[in-house]
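Below: the structure, in structure tokens.
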Amino acid sequence: MQMSSVRNPVADLRALGIENASRVFYQLSPVELAEQSVARKQGKYADNGALAVNTGEYTGRSPKDKFIVKDAITTNTVNWNEFNNPISEEHFDRLYSKITKYFTGKEVWVRDCYACADQDFRVNIKVITSLPWSSLFAYNMFLRPTEDELATQDTDWVVIQAPGCVADPATDGTRQKNFSVVNFTKKVIIIGGSAYTGEIKKGIFTVLNYILPHDRQVLSMHCSANIGEDGDTAVFFGLSGTGKTTLSADPSRKLIGDDEHGWTSSGIFNFEGGCYAKVIDLSEEKEPQIYAAIRKGALLENVTFFEGTDEVNYADKSITENTRVSYPLEFISNAQVPAIGNIPKNIFFLTCDASGVLPPIARLTPGQAMYQFISGYTAKVAGTEAGVTEPTSTFSACFGAPFLPLHPAAYAQMLGEKMHTQDVRVWLVNTGWTGGPHGIGSRIRLCYTRALITAALTGRLDNVSYHRQAVFGFAIPDNCPGIPSEILDPRDTWEDKAAYDTKLKGLAEKFIRNFEKYASAADEEILAAAPVI
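Take 5 as the starting number for the sequence shown in my numbering and just add one per residue.
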């Protein structure tokens, strides 16, 4: 698909089948988009200057309603499962016709942007939306071309989002009225029935998780990353709610990105141009960088205000626990620009353990690292997906199964090769519960998690003594400067030791059952890292 938007955005829309829009707004500034949203009563300003909007019925992703067109490109390459749902070319064409006709007589916002900070892997994107604040989200989250680049930028992928356009499951091949469909042949993503902006972001992430490993031999990762003063890069894997954004926002290190990266033969790079952070219970004390980034130009989603004021009540979960903010990466004072780093020296697997039996930090052998990566154990945190109201234990391959079009083994093999050829230390970090499972124990304090990660990054955990955890065999440090020793081994935090042992065994059994589907593709080193009951 080749089109140059700066010359004639209306003509570009017509080429895509969008005709007779009442008005076309192209490449508007964040200020203009926020003003339009307020003027149309679609949002209001918070006292910190950010625009606050409500995404309506959907306040999180709907993975069961994400589809990939099954065609000559994808039939034998996509790993068809509960996240990669197939849809026919005929049903896509029907939905595409429906969503393009939806814009007839309506206002439309168009934005040209791109993904991938490494210019060798740049993917140019055109985002077409029916809401001004959705275009603001695209401005914040994707990379922003210069005026000179716009003059010659061709479009690689198109995203069309119209929350008011709903599907008819009886004729459109969908599960219900909302849908997000990726077409790799036509290089188009269409999103209807949901105003949740995360569908735009994760649609492009799904695309990159296919084309970069499959076509460009680049490992795509659901992770955050930062870099120290001496150039040491750290990568944080984890699903939403495990702390990727929070823990990578470290005042002493530069932020490369908070969610999506690629790992090449020479280093890593951010896919995005912004951050999409959870703000539930946000405070200036606990997360100063994120708190400071919420200002004019930022977009708050599904938050509420203290009665009679414009002050955000970050503790209020009445709309959803998945309250969010998007902002450009540059809103973080120590952002790495361009968002590129060296080959990682430390990898952290973040897990929100709702059972409360995993240690706050443990050092992993290469075999254990691969086993944990393929397993991707965590808890789905309330609000991040439709229907999730409390932490629920789950396994998500490569810490990002909902966004992986290829088989998890493809990503795991690439990571394994990189770990074996580079001097990389791998750590398991539990940001979930301690002293008991969810409902009995308490969430591990953020200050402890930060201190343990800092100790790992600075080498202070290199020379301390370790002991092996029973069942999983992790190496748990016996002490760490500034951290109470009694919290390092989770068994010590439980009053009922027998209950801990039972819970630990139960979690190990879940790991073993989950791994059965991957065992045939795993080598002896990985299989030997399985928990022993």
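All C-beta atoms, glycine included, are put in the ideal place defined by N, C-alpha and C.
Rounded to whole angstroms, the separation of the alpha carbons of V162 and L154 is 15 angstroms. When DSSP assignments are scanned along the segment 114-167, the uninterrupted stretches of beta strand (DSSP E) that are 3 or more residues long and fall wholly within it turn out to be 127-133, 161-166.
P481 carries a strand assignment under DSSP once its states are collapsed to helix, strand and coil.
In the DSSP assignment, S252 falls within the alpha helix (DSSP H) that extends over 248-252. For E421, the three-state secondary structure derived from DSSP is helix. L492 places its beta carbon 8 angstroms or farther from that of P409. The segment 324-332 makes contact with the segment 301-315, as at least three CB pairs between them are under 8 angstroms.
In this structure, T308 places its C-beta atom within 8 angstroms of the C-beta atom of S322. Within the segment 216-280, complete beta strand (DSSP E) segments of at least 3 residues are found at 223-231, 237-241, 258-261, 264-267, 272-274, given in chain order. T438 sits away from T453, with the two beta carbons spaced by 8 angstroms or more.
The beta-bridge partner set that DSSP reports for T396 consists of K384. Distance between S379 and F478, taken at the CA atoms: about 15 angstroms.
The distance from the Cβ of L508 to that of V475 is about 5 angstroms, consistent with a contact at the 8 angstroms cut-off. Around the Cβ of A15, a 10 Å sphere holds fewer than 16 other Cβ atoms; the residue is exposed. Just so you know, the alpha carbons of A38 and L140 end up roughly 7 angstroms apart. Around the Cβ of Q31, a 10 Å sphere holds 16 or more other Cβ atoms; the residue is buried. Runs of alpha helix (DSSP H) with 4 or more residues, each lying fully within the segment 328-388, are found at 370-379, listed in chain order.
The beta carbon of G345 sits closer than 7 angstroms to the beta carbons of A229, I231, T237, I260, G271, I272 from its chain, once the five residues preceding and following it are set aside; these are given in chain order. The beta carbon of N317 is closer than 8 angstroms to those of V307, T308, F309, F310 in its chain, skipping five residues each way along the sequence. Under the 8 angstroms Cβ criterion, the segment 164-178 does not count as touching the segment 75-86, having fewer than three qualifying pairs.
Residues S184 of the same chain have their beta carbon placed closer than 6 angstroms to that of K70, with the five preceding and five following residues left out of the count. Boundaries around I516 are those of the alpha helix (DSSP H), 501-519, since no beta strand (DSSP E) includes it. Secondary structure note for H442: it is in no alpha helix (DSSP H), with a DSSP letter that is neither H nor E.
With fewer than 16 neighbouring CB atoms inside 10 Å of its own CB, Q221 falls in the exposed class. Inclusion of A343 and L212 in the CB contact set at 8 angstroms is not warranted, their separation being larger than that value. Burial check for K258: the Cβ neighbour count within 10 Å reaches 16 or more, so the residue is buried. Taking C-beta separations shorter than 7 angstroms and ignoring five residues to either side along the sequence, the partners of P485 in its chain run A459, R464, following chain order.
According to the DSSP assignment, I530 belongs to no beta strand (DSSP E) but to the alpha helix (DSSP H) extending over 528-531.
The Cβ-Cβ distance between A358 and S397 falls below 8 angstroms. About 7 angstroms separates the beta carbon of F29 from that of E111, a gap short enough to meet the 8 angstroms contact definition. Judged by beta-carbon spacing, T382 lies beyond the 8 angstroms limit of G510, meaning their Cβ atoms are not closer than that value.
Short of 7 angstroms from the beta carbon of N187, and not among the five residues preceding or following it, lie these beta carbons of its own chain, in chain order: V73, F96. DSSP places F476 in no beta strand (DSSP E); its state is neither H nor E. Rounded to the nearest whole angstrom, the C-alpha separation of W431 and V35 is 42 angstroms. Annotated as proximal: W137 and L55, with beta-carbon spacing under 8 angstroms. Contact annotation: P149 and G360 have beta-carbon atoms that are not nearer than 8 angstroms.
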